[in-house]
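Trainee: In the numbering used here, the protein residues as written are 426 to 745.
Okay, here's the structure, questions in a sec.
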């Protein structure tokens, strides 16, 4: 199934042609070009593209000049807020709290407070922009605001765009026990978001993501309880895939690769290699770092290749 290039992995956002156009415009500091690429995207796709562009270095001075010239440009504000947040999160790192120094936490919060100041102003000027609210759901966790405020931000985002997957993913994180919620809350939200969305919408991936988070909490790859949880969830995972990535109406907008990747991982860990192979075939060489970054390895590409080959091998009788 993957004989053409078993080792080929094309990671998002490079998987999306729209990002190439946006990335080039950012590199040459062409705001009109950036807006042309972003304004042509769906609301969720626009936020995904903004999140990817926010990874570019040294954006702050340029974006602040743009906002000084036009304070009502919520696209520039969302990009700046996301950029400042990503700088802060890189300082904090993805380590658990006990492995983050006091100085890292101090710098992290300072960058997030700067991001929040930009986003608060943007939300007041352009409350209809879901990218701003999605960005504020991320800063909310880092700044440790309470769940009531996080719900308020989520509700404002939903009012702007009822099925805004990038923001829903951030809200789902807040509902996990590692932050403010519980597993019943996380799973209930994922299911409700999926059933509220139109057939073929990517929200079914939220169901997979909630199960991935619980799998990780139960011990992950080497714990029987974690595997048993996913095996028990197979029916709900198949239902979610049929409503989303396997539905004829599913669209390959920016963000679809990570949605499909969540299903590839969760099926593989549930031992459903046939379903995992079906998703890998759909993806071809495309992949996202998340959720493969949850494995205890430094190189997600190694993990992606291993599981892609394993699922194909299982179908042809090659076993593990």
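For glycine and all other residues, C-beta sits at the position ideal for the given N, C-alpha and C.
On the criterion of 16 or more Cβ atoms from any shown chain inside 10 Å, does residue 497 qualify as buried, or is it exposed?
Mentor: Taking the first residue of the chain shown as 1, we reach residue 497 at position 72. Exposed: under 16 other Cβ atoms inside 10 Å.
Trainee: Taking just the CA atoms, how far does residue 479 sit from residue 720?
Mentor: Along the chain shown, read from residue 1 onward, the residue named residue 720 stands at position 295. Along the chain shown, read from residue 1 onward, the residue named residue 479 stands at position 54. Residue 720 and residue 479: Cα-Cα distance of roughly 25 angstroms.
Trainee: Skipping 5 residues on each side, what residues in its chain have a beta carbon closer than 6 angstroms to that of residue 579?
Mentor: If you number the chain shown from 1, residue 579 lands on position 154. Around residue 579: 596.
Trainee: Of all the options 566, 556, 682 and 501, which has the alpha carbon lying nearest to the alpha carbon of residue 468?
Mentor: Counting from 1 along the chain shown, the entry for residue 468 is found at position 43. Here the closest residue by C-alpha is 556.
Trainee: Contact between the segment 454-474 and the segment 563-581: three or more CB pairs below 8 angstroms?
Mentor: no
Trainee: Could you tell me which residues DSSP puts in a beta bridge with residue 436?
Mentor: Position 11 of the chain shown holds residue 436. Looking at the DSSP output, residue 436 sits in a beta bridge with 712.
Trainee: Going by DSSP in three states, residue 679 sits in which element: helix, strand or coil?
Mentor: In the chain shown, the residue the question calls residue 679 occupies position 254. Correct three-state label for residue 679: coil.
Trainee: Once DSSP output is grouped into helix, strand and coil, what is the label at residue 607?
Mentor: By one-based count along the chain shown, residue 607 stands at place 182. Looking at residue 607 - three-state DSSP - the assignment turns out to be coil, as it is neither helix nor strand.
Trainee: Taking just the CA atoms, how far does residue 703 sit from residue 590?
Mentor: Here the question's residue 590 lines up with position 165 in the chain shown. Here the question's residue 703 lines up with position 278 in the chain shown. Residue 590 and residue 703: Cα-Cα distance of roughly 23 angstroms.
Trainee: If you compare alpha carbons, which of 641, 650 and 587 is closest to residue 620?
Mentor: Counted from its first residue, the chain shown places residue 620 at position 195. With distances taken between Cα atoms, residue 620 lies closest to 587.
Trainee: Among residues of its own chain, excluding the 5 on either side of residue 560, which ones have a beta-carbon nearer than 6 angstroms to its beta-carbon?
Mentor: What you label residue 560 is simply residue 135 of the chain shown in a count that begins at 1. Once the five neighbours on either side are set aside, the close Cβ partners of residue 560 are 503, 506, 507 and 544.
Trainee: Identify the continuous alpha helix (DSSP H) that holds residue 535 and give its terminal residues.
Mentor: Start at 1 with the first residue of the chain shown, and residue 535 comes out as number 110. That run of the alpha helix (DSSP H) goes 527-550.
Trainee: Under 7 angstroms between the Cβ atoms of residue 713 and residue 683?
Mentor: Stepping through the chain shown from its first residue, residue 713 is reached at position 288. Stepping through the chain shown from its first residue, residue 683 is reached at position 258. Contact: yes.
Trainee: Would you mind sorting residue 429 into buried or exposed? The rule is 16 or more other CB atoms within 10 Å of its CB.
Mentor: Reading the chain shown from its first residue, position 4 is the one you call residue 429. Note that residue 429 scores a pLDDT of 46, beneath 50, so its modelled location is shaky; the value from the coordinates is reported in the next line. Exposed, by the Cβ-count rule.
Trainee: Would you kindly check if the distance between the Cβ of residue 674 and the Cβ of residue 630 is under 7 angstroms?
Mentor: The count along the chain shown starts at 1 and reaches residue 630 at position 205. The count along the chain shown starts at 1 and reaches residue 674 at position 249. Against a cut-off of 7 angstroms, the Cβ pair of residue 674 and residue 630 comes out as no contact.
Trainee: In this structure, how does DSSP classify residue 442 when only helix, strand and coil are distinguished?
Mentor: Within the chain shown, numbered from 1, the residue matching residue 442 stands at position 17. The answer is helix: DSSP assigns residue 442 an H, G or I state.
Trainee: For residue 602, count the other beta carbons within 10 Å of its own beta carbon; 16 or more makes it buried, fewer makes it exposed. Which is it?
Mentor: Taking the first residue of the chain shown as position 1, residue 602 is located at position 177. Under this definition residue 602 is an exposed residue.
Trainee: Do you know whose CA, among 653, 612, 711 and 646, lies nearest residue 665's CA?
Mentor: Translated into positions along the chain shown, residue 665 becomes position 240. The option with the nearest alpha carbon to residue 665 is 612.
Trainee: Report the rounded CA-to-CA distance for residue 433 versus residue 538, giving the unit in angstroms.
Mentor: For the purposes of this step, residue 433 is identified with residue 8 of the chain shown, where counting begins at 1. For the purposes of this step, residue 538 is identified with residue 113 of the chain shown, where counting begins at 1. Answer to the nearest angstrom: the Cα atoms are 40 angstroms apart.
Trainee: In chain order, what residues of the same chain have a beta carbon less than 8 angstroms from the beta carbon of residue 722, not counting five sequence neighbours either side?
Mentor: Stepping through the chain shown from its first residue, residue 722 is reached at position 297. Excluding its 5 nearest sequence neighbours in each direction, residue 722 has C-beta neighbours in its own chain below 8 angstroms: 728, listed in chain order.
Trainee: For residue 733 and residue 692, which I take to be in contact (beta-carbon distance under 8 angstroms), what is that distance rounded to the nearest angstrom?
Mentor: Along the chain shown, one-based indexing puts residue 733 at 308. Along the chain shown, one-based indexing puts residue 692 at 267. Not quite, the Cβ-Cβ distance comes to about 12 angstroms (not below 8 angstroms), so this is no contact.
Trainee: Let me know the secondary structure DSSP gives residue 723 once reduced to three states.
Mentor: Taking the chain shown and counting its residues from 1, one reaches residue 723 at position 298. In this structure, residue 723 counts as coil in the three-state DSSP scheme.
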